[in-house]
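First up is the structure itself, then whatever we jot down about it.
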Amino acid sequence: MPVTERMRKIDGKWQRVLVPMFFGYLFITSDHPDELYVRLHSMLGRTIFKYVKLIRDDEYIIPLSKEDERIVTELSDENHIIKASMGYIKGDRLYVTDGPLHGHEGEVVRIDRHKRIAILAMNFLGEKRNITIGLEVVRKEK
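Sequential numbering of the sequence shown, starting at 1, is according to my numbering.
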């Protein structure tokens, strides 16, 4: 499951924490998603489907599209962690100097410097979604 690295103030000190990229979603890597559905159903019965919403069509789990997979792999490292980025603001424009947001500055719709996050608007899982990623703005220039 992809997670994002963010800074949170805990006991008065900024610390790095890992937060799920999408709350309520579980990502499973499988070369055979149809067999995965059958195994989940046989192991857990129908009760799992009362609590878990699978992205599926009847009896088949729908795999991520190539574009969705590209977004996750492009932003995250080999451990599926989306590290916090660093950058600065000049005028009203964001410049990312380090991290996975480099090259995605145009997708940032909002920056919260106090919480040290950036909100990206991206098409993911078939709809427009806001993705929150850690961002440290080191300075702001005019």
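The beta-carbon is built from N, C-alpha and C at its ideal position, and this holds for glycine as well.
Bear in mind the structure is a predicted one, so any value in this text is a computation, not a measurement.
Of K115, R139, N123, E141, the smallest CA-CA separation from I10 is found for K115. A distance of 9 Å or more separates the beta carbons of F23 and V72. Shortest Cα-Cα distance from G126 to any of H32, L64, R6 involves L64. Here K66 carries a helix assignment [DSSP, helix/strand/coil]. Between the beta-carbon of T4 and that of I119 there is about 11 Å, and that puts the pair past the 8 Å contact cut.
Rounded to whole angstroms, the Cβ separation of E141 and I89 is 7 Å, and the two are in contact under 8 Å. M21 and S42 have their C-alpha atoms some 29 Å from each other. Per DSSP, the continuous beta strand (DSSP E) segment holding I117 begins and ends at 117-124. DSSP places E35 within a helical segment (H, G or I) once states are collapsed to three.
Bounds of any beta strand (DSSP E) do not take in S76, whose DSSP letter is neither H nor E. Short of 7 Å from the beta carbon of R129, and not among the five residues preceding or following it, lie these beta carbons of its own chain, in chain order: M122. Residue pairing by DSSP places G103 in no beta bridge whatsoever.
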